[in-house]
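For reference, the structure discussed in these notes is given below.
There are 4 protein chains.
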Amino acid sequence: MNSFGRIFRVQIFGESHGQVVGVLIDGCPAGIPISLENFQEDLMRRRGGLQKGTTPRAEEDVPLLKTGVFAGKTTGAPLTILFENKNTRSADYEKIREIPRPGHADFVAHQKFGGHEDYRGGGHFSGRLTACLVAAGVLAKQLVGSVKISATLKEVGGEVSIDKGIEKAIANQDSVGGIIECVVKGLPIGLGEPFFDSVESLLAHAVFSIPAVRGIEFGTGFAAARMFGSEHNDSIVASDGTTATNHAGGVVGGLTNGNELTFRIAIKPTSSTPQQQKSLNTTTGEQAIFEVKGRHDLCIALRVPVVVEAVTAMVLADLLMLEQKISRVNH
Amino acid sequence: MNSFGRIFRVQIFGESHGQVVGVLIDGCPAGIPISLENFQEDLMRRRGGLQKGTTPRAEEDVPLLKTGVFAGKTTGAPLTILFENKNTRSADYEKIREIPRPGHADFVAHQKFGGHEDYRGGGHFSGRLTACLVAAGVLAKQLVGSVKISATLKEVGGEVSIDKGIEKAIANQDSVGGIIECVVKGLPIGLGEPFFDSVESLLAHAVFSIPAVRGIEFGTGFAAARMFGSEHNDSIVASDGTTATNHAGGVVGGLTNGNELTFRIAIKPTSSTPQQQKSLNTTTGEQAIFEVKGRHDLCIALRVPVVVEAVTAMVLADLLMLEQKISRVNH
Amino acid sequence: MNSFGRIFRVQIFGESHGQVVGVLIDGCPAGIPISLENFQEDLMRRRGGLQKGTTPRAEEDVPLLKTGVFAGKTTGAPLTILFENKNTRSADYEKIREIPRPGHADFVAHQKFGGHEDYRGGGHFSGRLTACLVAAGVLAKQLVGSVKISATLKEVGGEVSIDKGIEKAIANQDSVGGIIECVVKGLPIGLGEPFFDSVESLLAHAVFSIPAVRGIEFGTGFAAARMFGSEHNDSIVASDGTTATNHAGGVVGGLTNGNELTFRIAIKPTSSTPQQQKSLNTTTGEQAIFEVKGRHDLCIALRVPVVVEAVTAMVLADLLMLEQKISRVNH
Amino acid sequence: MNSFGRIFRVQIFGESHGQVVGVLIDGCPAGIPISLENFQEDLMRRRGGLQKGTTPRAEEDVPLLKTGVFAGKTTGAPLTILFENKNTRSADYEKIREIPRPGHADFVAHQKFGGHEDYRGGGHFSGRLTACLVAAGVLAKQLVGSVKISATLKEVGGEVSIDKGIEKAIANQDSVGGIIECVVKGLPIGLGEPFFDSVESLLAHAVFSIPAVRGIEFGTGFAAARMFGSEHNDSIVASDGTTATNHAGGVVGGLTNGNELTFRIAIKPTSSTPQQQKSLNTTTGEQAIFEVKGRHDLCIALRVPVVVEAVTAMVLADLLMLEQKISRVNH
């Protein structure tokens, strides 16, 4: 299922080297002002070709607002945004039919879809579709209003200095991963439901839809497993729920507790490393040594924070609408 | 929303000190043999009163098969299992109305439900409801057949020797957390969908519905963020998709790749530590020092592995039915 | 799928001659007063043994509130209501394994569930489960507050005098059907969504979940197909949307228009007629002549109006919550 | 919610006078051959400008396959089809802001969406979006294979001779409605679920998403309410479930019974009649007499049968996939 959300519902579609990628948003309130400028900053943050370590592929990334917008505002009807794929060089990818790239979906997609998948540039599995997530996130951020979501890169290639991490990747001619932290301020108490729709469940669900994510932890996370209860518990110190510490990362019993919501995400090193790699030639059945020739990022983690913000905003917009904190019509 | 799954749908209900807790399973194929014996082993693994460090509360935990079973087999109609609450001492919990326990849902539930929540023993937020997850898991395990799911405790209180970790807790009269690893063998290639229904998304969603879970990582997980791409990539070495290493933990592009599915989970220390704690007296508005008097585990992590197996089995049963690997009728 | 609703979600379960039938309601706001008395009137309206033409089976129909209620109010957690089956005479139904009753689910259930279905008294397909719908409806009616839903029997056995219709059935020793009209007053404008979640779609979906319903029409309904547009169109005469006529039955473009919502439903004659009938003996493969011996209604339509009200209230409660006209917490 | 289906999921979007209308299909199996020719016949059946009584608006109705198709086959990824709106004359519709047209969504949409709706030509509520349903239906029909769905017009303006009905409309310069019958052959036994997902529930839900539908009845339908049980019951005469009569219309207990599935639908007369009409001028608050000037059908029912087939195919494709009668990959 390529859709997410119960009230603010997002569905993404398209292929890396097809005509378009896009996003369809259903359940967006009417009357939200929307313009191309809204999208620019976040799409730029996601975009390649701008930072050391990111891919030179530079789609124009102009969001085409196809439906659901009228006179500069959302109408309440389904909203469609397309991105045209202009800068596609499919020839780079012909070989992956034969030699599936490690770390990519080439092999599994081929098995699942019986060889009918669009294999060019990863097809529907491509990171290109995160542009659609970012676009949905722009709208979701507008909806959540005074709730502020900020994801930042905390570590690259094991280095807390991001520059150093990138230089390491360049020096080694190898790809690296990173750690992203996301902090959300201004949330009301009580978002989420016990058990299956805990805030952690919904956020983790959304975050693992981003390619290359390998782990998520809330608040103190894995380190909590090594603490005593008396250390880990956050004492409530005020009637608005403020706690003295925030080991819980703003979530207790699956519900937001009014403190800052914090979580951290692990991003694996880009699978398309410049290094020579081994895989199976599925035609000959023999091991093959090959180099990935496409345009790729040394550190995809550089581009992911804005995507994390986007899916976080989607989850929160949905929950805030469910809890009736966001009106169905913005007058 | 207290329900989960698209085809094999599980919903849990009930309160710690109410009449019952229970689970309703819709979409289960007809003809699956089911008997009380099936449940015994897993419910015993979850049950308190048996291990050092676990609570002396000993519900009988007899699953009452109320609907959906006939002549010893599932009928295809919704299946209901109840557990009666016999051993409840509500008086222990009266005080939490006034002084919400840190780390528990007391405060947030009160805010969310306007004071109408059943506050006794955590009410609907109680870990008691994990008995229902385990019961659903027993059925799900039967469904997934030759797929073998095994979750084990790898670390307690920072110690790889579990006994040592428990002794540390007892010695310090404080609660401790732990790390659980789950390994799944025998999965076909291609379970999951790109993006929002990636296998990681679904498993993380389910796993975070278990109280006390603070993090999840797949395969190499957070450590992957510090590896080079050339190290992390798993080379495909055989036409069945077998890889030389398994840093990916059996998932690529959101789909199972036929290798062992592996993930690790962080469990926080039990919030109800024997130590004195601080919280707010919501009546007086002053800080209060208090001790939790109920029966509680020093290390809830001891009881969680079977719950992790249960929700994993639920996710996989759903995906295997969706991919038509499990028949709708078991003849 | 035995569940319905997006926010106010209802799931029914159980079998006619099993231990219980029941209903699980998730998403109900907290703080709604609830007591056994609330249920009595509607359950009595549905109950057999009271009117000419209805079955002598008289379950006590006492709703057991198992979860989700505390101190006389809903808690916001899932609410479970069970009805015990006391007065079951399974022996009556043994024969249907061999000779499936026409008009009943015996044959199709056997095929669908591979012979594993609970066949006693129709099992899960029994009209007994409408008690669960009525119970959910009682709660839904409380939620929708000043919105008034009234379903009445307009015709029995082709007679507008209901008594006359029943007498006809008794005189002929045959079962009869009927027509039910439902009118809803006090709805706001704009419930429903264009296309797939039109109010008509949702109501028809819910109404066809009631056994024996064979048709539904809104407003002028089938007769509209024989009118001219100039006759059928309802002129708007006031700024609150009041129309001069109400051929549309209160729905335009799939949305409520603020006028009375009206629809009519056709109920087939009870399948279990006292007359001799033919069917196939599935063991011998020969035609068999048989009489249904169980306790049955000559006119099931007598008992259906309250069920129609119930499912209508469920749909409207869901839509009113979605449109934020019902608060998540009733203070 | 503008989406429908659990496994074969269809979402429609767009506005009558916007850039495009379109449909997004998720969950379609991979490997289904697809070409523009597939769509031509059904889109022509729906298209205006060809028959007496239909609108002269003649969009080219060329489906643009934007995503999910590769090398002439479905890929298993979400499939997007767009129709560009070329022939739009928005000026015709400016006045409806002031004087909402009776029978149209103008007034209710304005209320629901706070005046932010795209009002041109009915915007998102336009019958133009049924082109999207037809496109989804084309794909669904391919999926259901040997199951044959046929909807035909049985009555127009109260006349069983369709020509006569249309002539009546032209002679009276007024719009007329009609009755459509749909017959499905080749269905297996057991599609549907008891209660909320009965086949009638799902089909009625889908059919009422088509604008202008006012009623639906299965098998003998409303006439069943006037029959005796002994007349209405269909005797099973063969071990494959064949019945001597088919009053049930192929559905018993909410499940298909292997006989022909039949239902009838009432279509109201086109709201945009050429006659002078009354409505409210919402600016002046006075009654206004006006004529609808746009291009409209005298009998929209002429164009609806193919749309009925489409939504029926969608429902059945979904159910057949759920029952594992359609494979996830078409090799």
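Residue numbers (the numbering used here), protein chains in the order written: chain X, 1 to 331; chain D, 1 to 331; chain H, 1 to 331; chain E, 1 to 331. We put the beta carbon where it would ideally sit given N, CA and C, even for glycine. Please read all numbers here as calculations on a predicted model, not as lab measurements.
Exercise. In chain X, which residues lie with their C-beta within 7 Å of the C-beta of F113/E?
Worked result: As a first step, residue 113/E must be located in the fourth sequence, where it is residue number 113. A30, T75, G76 and V329, listed in chain order.
For this session: Please confirm if the segment 8 to 19 of chain D is in contact with the segment 278 to 295 of chain X, defined as three or more CB-CB distances below 8 Å between the two stretches.
Result: no
Exercise. Nearest-angstrom Cα distance between Q142/H and D26/H?
Worked result: Working through the third sequence from its first residue, we reach residue 142/H at position 142. Working through the third sequence from its first residue, we reach residue 26/H at position 26. Distance between the alpha carbons of Q142/H and D26/H: 15 Å.
Exercise. Cβ-heavy atom distance between L255/H and the ligand MG below 6 Å?
Worked result: Looking for the ligand MG in the displayed structure turns up nothing, as the structure carries no ligands at all.
Exercise. DSSP three-state call for V10/H: helix, strand or coil?
Worked result: Residue mapping note: residue 10/H aligns to position 10 of the third sequence, counting from 1. Three-state DSSP puts V10/H in a strand.
For this session: Have a look at the DSSP bridge pairing and note the partners of I182/E.
Result: Within the fourth sequence, the letter at position 182 stands for residue 182/E. Strictly speaking, residue 182/E in this sequence is Cys, with Ile absent from that position. For C182/E, which the question treats as bridged, DSSP gives the partners A151/E and F263/E.
Exercise. Which of helix, strand or coil does DSSP assign to N281/X?
Worked result: Counted from its first residue, the first sequence places residue 281/X at position 281. Correct three-state label for N281/X: strand.
For this session: Look up A30/X in the DSSP assignment and say whether it is helix, strand or coil.
Result: Translated into the one-based positions of the first sequence, residue 30/X becomes position 30. Residue state, collapsed to three classes: strand.
For this session: Provide the residue(s) that pair with K325/H in DSSP beta bridges, ordered along the chain.
Result: Taking the first residue of the third sequence as position 1, residue 325/H is located at position 325. DSSP lists no partner for K325/H.
For this session: Kindly indicate which three-state DSSP category F125/H falls into: helix, strand or coil?
Result: The count along the third sequence starts at 1 and reaches residue 125/H at position 125. Three-state result, F125/H: helix.
Problem set entry | Contact set between the segment 160 to 177 of chain D and chain X, restricted to residues whose Cβ is under 7 Å from the partner | N172, D174, S175, V176 and G177
For this session: Tell me whether K164/D is buried or exposed, calling it buried when 16 or more other Cβ atoms sit within 10 Å of its Cβ.
Result: Here residue 164/D refers to the residue found at position 164 of the second sequence. Exposed is the call here.
For this session: Report the option in Q275/X, V21/X and P63/X whose CA atom is closest to the CA atom of D174/X.
Result: Residue mapping note: residue 174/X aligns to position 174 of the first sequence, counting from 1. Minimum Cα distance to D174/X is reached at Q275/X.
Exercise. Can we say the segment 306 to 322 of chain D touches the segment 39 to 49 of chain D, given the rule of at least three CB pairs closer than 8 Å?
Worked result: yes
For this session: Check whether the segment 216 to 228 of chain H touches the segment 212 to 232 of chain E, taking contact to mean three or more Cβ pairs, one atom from each stretch, closer than 8 Å.
Result: yes
For this session: Return no unless some Cβ of chain X is closer than 7 Å to the Cβ of V20/E.
Result: Taking the first residue of the fourth sequence as 1, we reach residue 20/E at position 20. It does; some Cβ of chain X falls within 7 Å.
For this session: Would you check if the distance between the CB atom of E228/H and the CB atom of I99/H is smaller than 7 Å?
Result: Start at 1 with the first residue of the third sequence, and residue 228/H comes out as number 228. Start at 1 with the first residue of the third sequence, and residue 99/H comes out as number 99. Correcting the residue identity first, residue 228/H is Phe in this sequence and not Glu. Cβ atoms of F228/H and I99/H: not closer than 7 Å.
For this session: Hey, could you find the ends of the alpha helix (DSSP H) A135/D is sitting in?
Result: Along the second sequence, read from residue 1 onward, the residue named residue 135/D stands at position 135. T130 to V144 is the span of the alpha helix (DSSP H), which, as asked, contains A135/D.
For this session: Could you name the residues of chain H that R6/X contacts, counting a contact when the two beta carbons are closer than 9 Å?
Result: As a first step, residue 6/X must be located in the first sequence, where it is residue number 6. Those are R6 and I7, listed as they occur along chain H.
Exercise. First and last residue of the beta strand (DSSP E) that includes V237/E?
Worked result: Here the question's residue 237/E lines up with position 237 in the fourth sequence. From DSSP, V237/E is part of no beta strand (DSSP E); its letter is neither H nor E.
For this session: For T152/E, count neighbouring Cβ atoms within 10 angstroms of its own Cβ and tell me buried if that reaches 16, exposed if not.
Result: Counted from its first residue, the fourth sequence places residue 152/E at position 152. Exposed, because fewer than 16 other Cβ atoms sit within 10 Å of the Cβ of T152/E.
For this session: Output, in chain order, the set of chain H residues within a Cβ distance shorter than 7 Å of E155/E.
Result: Within the fourth sequence, the letter at position 155 stands for residue 155/E. In chain order: A225.
Exercise. According to DSSP, is I99/D helix, strand or coil?
Worked result: Reading the second sequence from its first residue, position 99 is the one you call residue 99/D. Correct three-state label for I99/D: coil.
Exercise. On the three-state DSSP scale, how would you describe T67/D?
Worked result: Here residue 67/D is taken as the residue at index 67 of the second sequence, counted from 1. Here T67/D sits in strand by DSSP.
Problem set entry | Stretch-stretch touch, CB-based, cutoff 8 Å, three pairs: the segment 240 to 258 of chain D with the segment 191 to 198 of chain D | yes
Exercise. Applying the criterion that 16 or more other CB atoms from any shown protein chain within 10 Å of the CB defines a buried residue, is L36/E buried or exposed?
Worked result: For the purposes of this step, residue 36/E is taken as the residue at position 36 of the fourth sequence. By the 10 Å Cβ count, L36/E comes out exposed.
Problem set entry | Proximity of S235/X and P63/D at Cβ, strictly below 7 Å | On the first sequence, position 235 is the one that residue 235/X refers to. On the second sequence, position 63 is the one that residue 63/D refers to. No, these two residues do not count as a Cβ contact at 7 Å.
Problem set entry | Buried/exposed call for P78/E, threshold 16 Cβ in 10 Å | Indexing the fourth sequence from 1 puts residue 78/E at position 78. Label assigned to P78/E: buried.
Exercise. If we count Cβ pairs, one from each stretch, closer than 8 Å, do we get three or more for the segment 259 to 271 of chain X versus the segment 202 to 211 of chain D?
Worked result: no
For this session: Determine the contact status of G76/E and F39/X, defining contact as a CB-CB distance below 7 Å.
Result: Position 76 of the fourth sequence, counted from the start, is the residue given in the question as residue 76/E. Position 39 of the first sequence, counted from the start, is the residue given in the question as residue 39/X. Contact: no.
Exercise. Q40/H lies in the beta strand (DSSP E); which residues open and close that run?
Worked result: Within the third sequence, the letter at position 40 stands for residue 40/H. Q40/H -> not in any beta strand (DSSP E); alpha helix (DSSP H) instead, spanning L36 to R46.
Problem set entry | Identity of the residues DSSP links to V213/E by a beta bridge | Position 213 of the fourth sequence holds residue 213/E. Its beta-bridge partners are I267/E.
Exercise. Which of the residues in the segment 109 to 142 of chain D, read from start to end, lie with their CB under 9 Å from any CB of chain H?
Worked result: A109, K112, F113, G114, G115, H116, E117, D118, Y119, R120, G123, H124 and F125
Exercise. With C-beta atoms as the reference, is G157/H less than 7 Å away from K168/H?
Worked result: Translated into positions along the third sequence, residue 157/H becomes position 157. Translated into positions along the third sequence, residue 168/H becomes position 168. Going by C-beta atoms, G157/H is nearer than 7 Å to K168/H.
Exercise. Which residues of chain X have a Cβ atom closer than 7 Å to the Cβ of D26/E, listed in chain order?
Worked result: Numbered from 1 along the fourth sequence, position 26 holds the residue referred to as residue 26/E. Correct list: M1, N2, S3 and Q11.
Problem set entry | Boundaries (first-last residue) of the alpha helix (DSSP H) holding I300/D | Here residue 300/D corresponds to residue number 300 of the second sequence, with the count starting at 1. That residue, I300/D, is in no alpha helix (DSSP H); it is neither H nor E in DSSP.
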